[in-house]
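Have a look at the structure below before the remarks.
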DNA sequence: ATTAAATACCTAAGAATTTTATGTATTTAC
DNA sequence: GTAAATACATAAAATTCTTAGGTATTTAAT
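Residue numbers (my numbering), protein chains in the order written: chain A, 23 to 136; chain B, 23 to 136.
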C-alpha cells in the first residue's frame, strides 16, 4: 500500500482512464477494480471518490445513468465527449510527467547535468 | 508546464532527492534547479516550498546552516540521517508507484485483465 | 545614477482535495 | 440471523497548494 500522498492528484486521471476503457462503471466498482488491478497497492476511498465523481459530473465530463438492481439503485458513470478528450489529455500528460519525474529521480544520472 | 494537480504530493520526494544528490542546497536554488532540469515544465513556487522545508526540518529530516553572502543570509538545507533513509524510501516508493500507474494508464493492456 | 530584474527569504488567507468518521440500506454468505 | 460485502452519500477536520502579498539585497541595463 502506497503512502496516501502519492495518490494525491492522480485520482482524477485514474477515474477517467477506467471509464475510457470500460465504457461505464459505478463508483464502488471503481474502488474494487483499482484495488484488484494493483494488488491492493492503490486503494481509493469512497470519501475521496464520490465527491470527485459529483464534481466531474457537474463539470460536464461525466454523465450518469441510474439502474435498479433489486431494491438498490446503482449509479453508472460514463464519459461525455468532453470527458473523453479530457481523459486523453490527462493520460498523455501524466505519462509525460512520469518521464520527467523519472529523469529527476533516477540514479546519479538524474542530476548529473552541470 | 504541467497542470499543478500533477505536482501535488511529489514535492517532498523531489526535495529529498535533490538534497540526496547535491548534499546541501538553499530554497531558491531548489526552485531554479528543478526549473532548469525540467525545462520549465515543473515549477516549484516559493509559497509551497518554504513551508515544506520548515516542516521537514521540524520533523527531523532536514537541518539548516545559515551562511552570510554579503549582507544577505542564505539558508542551506541538508539531510539528517533520518532524512537520508526517508529519501531512499520515498524515491523507491515513487518509482514503484510509477510502474503501477503506468500499468493502469498504458494502452488497452492496462486494463485487459478480466 | 537610477531603475528593473533577479536573488533570497518569509507568511497568511483562501481554495482544493483527502482523510476520517459516520450514516443509511440492501444483498450475500455463513 | 448475523456478519460481511455491496452501494450510495455527506460532513468536519487535516493537509497541501495557490495566490498574493511583504522585505531586503544584489546585479544588469539604460
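Glycine included, each C-beta is placed from N, C-alpha and C at the ideal position.
Tell me the rounded alpha-carbon separation between residue i and residue j.
i             : j             : result
residue 126/B : residue 108/A : 17 angstroms
residue 123/A : residue 100/B : 21 angstroms
residue 69/B  : residue 62/A  : 34 angstroms
residue 25/A  : residue 24/B  : 23 angstroms
residue 46/B  : residue 88/B  : 12 angstroms
residue 116/B : residue 77/B  : 20 angstroms
residue 33/B  : residue 104/A : 30 angstroms
residue 121/B : residue 44/B  : 26 angstroms
residue 128/B : residue 114/B : 21 angstroms
residue 54/B  : residue 60/B  : 10 angstroms
residue 106/A : residue 94/A  : 29 angstroms
residue 90/A  : residue 50/A  : 15 angstroms
Whose Cβ in chain A lies nearer than 7 angstroms to the Cβ of residue i?
i            : result
residue 36/B : 126
Go through its chain and collect everything with a Cβ distance to residue i's Cβ below 6 angstroms, but skip five positions before and after it.
i             : result
residue 52/B  : 40
residue 48/B  : 96, 97, 98
residue 112/B : 35, 38
Can you name, in chain order, every residue of its own chain whose Cβ lies under 7 angstroms from the Cβ of residue i, other than the five neighbours on each side?
i            : result
residue 86/B : 79, 97, 98, 99
residue 82/B : 102, 104
I want to verify the contact list: residues of chain B whose CB lies under 9 angstroms from the CB of residue i, in sequence order.
i             : result
residue 52/A  : Chain B residues near residue 52/A: none, gap ~12 angstroms exceeds 9 angstroms.
residue 115/A : 24, 25, 28
Rounded C-beta distance between residue i and residue j? I'm assuming under 8 angstroms.
i             : j            : result
residue 67/B  : residue 84/B : With 8 angstroms as the limit, residue 67/B and residue 84/B do not qualify as a contact, their Cβ atoms being about 19 angstroms apart.
residue 31/B  : residue 31/A : 6 angstroms
residue 119/A : residue 28/B : 5 angstroms
Could you work out which residues of chain A lie near residue i, taking near to mean beta carbons separated by less than 8 angstroms?
i             : result
residue 120/B : 120, 123, 124
residue 8/B   : A question about residue 8/B goes unanswered here, because the residues of chain B that appear run from 23 up to 136.
residue 62/B  : Near residue 62/B there are no residues of chain A at all, since even the closest Cβ is about 11 angstroms away, more than 8 angstroms.
Just to make sure I have the definition right: I need the residues of chain B whose C-beta is within less than 7 angstroms of the C-beta of residue i. Which are they?
i            : result
residue 32/A : 123
Kindly list the residues whose CB is nearer than 8 angstroms to the CB of residue i, restricted to its own chain and excluding five residues on each side of it in sequence; keep chain order.
i             : result
residue 110/A : 42
residue 74/A  : 33, 34, 37
residue 57/A  : 64, 65, 66
Exercise for review: Within the stretch 78-119 of chain B, note down every full beta strand (DSSP E) run reaching 3 residues or more, in order along the chain.
Suggested key: 84-91, 94-101
Point to revise | alpha helix (DSSP H) runs wholly inside the stretch 55-81 of chain B, at least 4 long, in chain order | key: 68-80
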